[in-house]
Each structure stands twice: as C-alpha cells, then as structure tokens.
Amino acid sequence: MTSTALKEPVPRTSPGAAREPRRRTGRIRRIGLPYLLLLPALLLELLVHLVPMVIGIVMSFKELTQFYIRDWGSAPWSGLGNYQVSVDFDAPVGEALLHSFFVTVGFTLLSVGLCWLIGTAAAVFMQDTFRGRGLLRALFLVPYALPVYAAVITWVFMFQHDNGLVNHVLHDQLHLTGKPSFWLIGDNSFYALLTVSVWKGWPFAFLIVMAGLQNIPAELYEAAALDGAGMWQQIRRITLPSLRPVNQVLVLVLFLWTFNDFNTPYVLFGKAAPEAADLISVHIYQASFVTWNFGTGSAMSVLLLLFLLVVTGAYLLFTSRGRRPADV
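Put into structure tokens, the structure is as follows:
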C-alpha cells in the first residue's frame, strides 16, 4: 500500500511584491539625487562664507591686537568691549564710524537711484528697433564686463589733477571750472567715487530691466496708444507697474552691492580714503589692518552685518505686503 506524501505549497512571490523594493529604492535615489548634487556647493559655501563668518564673530569678542596675531585663539576675552567702543559715538572711534556710516548711506542712496534711473531709461529707449541697436547694447554693457581693477585704475588716471581727462574737458575745453580741480582728495572725492560707482553699476540695471521689458506684451502699449495714452502715461501706467517685481529684486541687489563695495574705493583712493569718501567697508579695513585692532574691526563687521540683515528683512516685508492686494 503506497501513501501519497502531502506536500505543502511553496509560497510564490507576486511580481508586484518583488518590484516594490525596487520602486522604493528608485524613489529614494530620485529624492536624494538633487541633495547629493547640491552637496559640493553647500560644502564650498560652508568653507568660503559660513566658517569665516563664525570665526569673525568669535574674534569680535576677543581683544585681538597685533600682539596676538601669531595665535589669535590665545587673545583675552573682552566680551562686549569691542562693541561698546564701536558704538560709543562720543569717543573718536565711534564718532569716526558714525561719520563713515552716514557717508555710506548717502553714497548708496545716490548711486542706487542713479543706476536704476539711467539703466531704466536706457532699457526703455532700447525697446524701439533702429539701426545699430545691437552695437549700442554691447557698448552699454562694456563697463559691467570690464574687470573692476582695470576700470577703476583707468578712472584714477582720468581724475589726475595735472593731466587728467576730466580736468582737461571741464577746465580746458568747456571752461566750467576756474582752475583744475582735485578729484581724489577733499570734498570732490565723494563725487569722483559716485561717478565711478554709477558708471560701473548702471549697465547691470540696464541688463535686468531690459530682460524684464521682454515679458510685457506689446498689445498693452498698442491698446494704450489707441486710447490716446502718450509715452509718459504708458511708462507710468504699464511699464513701471509691470516691472515692479523686477525692480524690487534689482534695488535690493544694488543696495547690498553698493553698501558693501570695497574694491572701488580701495583702488580709487588706496588704504587711506578721504574723509568725504570714507565708506564703511574701507573704514573697517583701516580699523583692522592699519591699526591692527582686529577685535574692534570684527565688531564693526558684525554690526554692519546686523544692519544689512535688518534692512533686508524690512525691505522684503514691506515689498511683500505691497504685493498682496494685487495678487488677491
């Protein structure tokens, strides 16, 4: 008598269940790939910006002078002493810093305003088609494309007192001044710095505004012209409102670039900028590397960082509130 052995059925894995781990693995790879690609840039950002910023903040709480340059970690802890010296506006250090701050604010407002005005006017003018428009656009972008040092050094020669081009044109050719002016010292140094800053910065505004104008439909201008709107009415009612998002970003970028500009005044005047053109970036450099008081210079840098953060946050809050009614 033979007995049939009962065999237990072998569980079989369904194709869908087998593919589930593969799908999960592929989903993890797809999600993690962007972060993996961003990792090198984040590490470089950490090394180039964040680490020096943290070190600078630590230095601002130390009495770091030329005696501790070799081993700055051994400098004595001063707490808020460097900040108290920086904001003591009755003392020479604080008074000089406050003067530099006001000079920088006035310079920044004038430079940003003129850059935006000239750049916007040139971009609107370039919207019309005419012969040589492409060549003129390229010429407008030359100041922005030139290296900063080469461009500013050229202006240094142009501002020379004896044989500079500026005095040659204003005094010898146009007879607008009674005698050749000193542009790199005294009160005229502020106007020389402002001229170079506007000359160097307005092509960027021109480029950004010109790109923003491409997104405005031509039909709006045609309809406005049929309704009898002139050029100024079209700019006021169509161009400027349409460019509002672009201008909000442009003004903020120009403000931050101009307020922190170090290359232009340093190349134009050297280590010792005139009192009329004593921008805060050069002032902090002098407080750190000329007087060898890196603790006070670091405290000034931190105060500048806090000021720019507050201004940027307030500006973004103000512009975002102004945008909400239009978006509803």
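Going by my numbering, the sequence shown opens with residue -4, and the numbers climb by one from there. In this text, a Cβ means the ideal position worked out from N, Cα and C, and glycines have one as well.
- Query: Going straight from the alpha carbon of residue 250 to that of residue 107, what length do you get?
  - Reply: 6 Å
- Query: Measuring CB to CB, does residue 72 end up less than 9 Å from residue 90?
  - Reply: no
- Query: Which same chain residues, not among the five before or five after residue 122, have their C-beta less than 7 Å away from its C-beta?
  - Reply: 208
- Query: I think residue 297 touches residue 52, with their Cβ atoms under 8 Å apart; what is that distance to the nearest whole Å?
  - Reply: 6 Å
- Item | Straight-line gap, residue 218 to residue 189 (C-alpha atoms, nearest Å) | 40 Å
- State the beta-bridge partners of residue 72 as determined by DSSP. Per DSSP, 57.
- Query: In chain order, which continuous runs of the alpha helix (DSSP H) of length 4 or greater are located wholly inside the segment 89 to 146?
  - Reply: 128 to 135 and 137 to 140
- Message: Can you confirm whether residue 221, when its beta carbon is compared against all beta carbons of chain E, has any partner nearer than 9 Å?
- Response: No chain E appears in this structure, which consists of one protein chain only.
- Does DSSP put residue 199 in a helix, a strand or coil? helix
- Item | Straight-line gap, residue 130 to residue 136 (C-alpha atoms, nearest Å) | 10 Å
- Item | Beta-carbon spacing of residue 262, residue 186 below 9 Å | Against a cut-off of 9 Å, the Cβ pair of residue 186 and residue 262 comes out as no contact.
- Just confirm the distance between the C-beta atoms of residue 259 and residue 200, as a whole number of angstroms; I'd bet it's less than 8 Å. At roughly 16 Å, the Cβ-Cβ gap does not stay under 8 Å, so residue 259 and residue 200 are not in contact.
- Give the single residue among 111, 117 and 193 whose Cα lies nearest to the Cα of residue 150. 193
- Task: Would you kindly report the start and end of the unbroken alpha helix (DSSP H) that includes residue 245?
- Result: 239 to 254
- Task: Take every Cβ of the segment 62 to 82, pair it with every Cβ of the segment 303 to 315, and state whether three or more of those distances are shorter than 8 Å.
- Result: no
- Query: Can at least three beta-carbon pairs, one atom from the segment 214 to 233 and one from the segment 167 to 183, be found at a separation below 8 Å?
  - Reply: no
- Just how far apart, CA to CA, sit residue 47 and residue 34? 19 Å
- Query: Considering only C-alpha positions, which residue in the set 284, 138, 54 and 253 is nearest to residue 104?
  - Reply: 253
- Contact check, residue 180 vs residue 236, beta carbons under 9 Å: no
- Message: Is it buried or exposed, residue 0, if we count other Cβ atoms within 10 angstroms and call 16 or more buried?
- Response: The pLDDT assigned to residue 0 is 47, lower than 50, so where the model puts this residue is not dependable; a value taken from the coordinates is nonetheless given after this. Residue 0 should be labelled exposed.
- Query: How would you call residue 313, buried or exposed, if buried means at least 16 neighbouring beta carbons within 10 angstroms?
  - Reply: exposed
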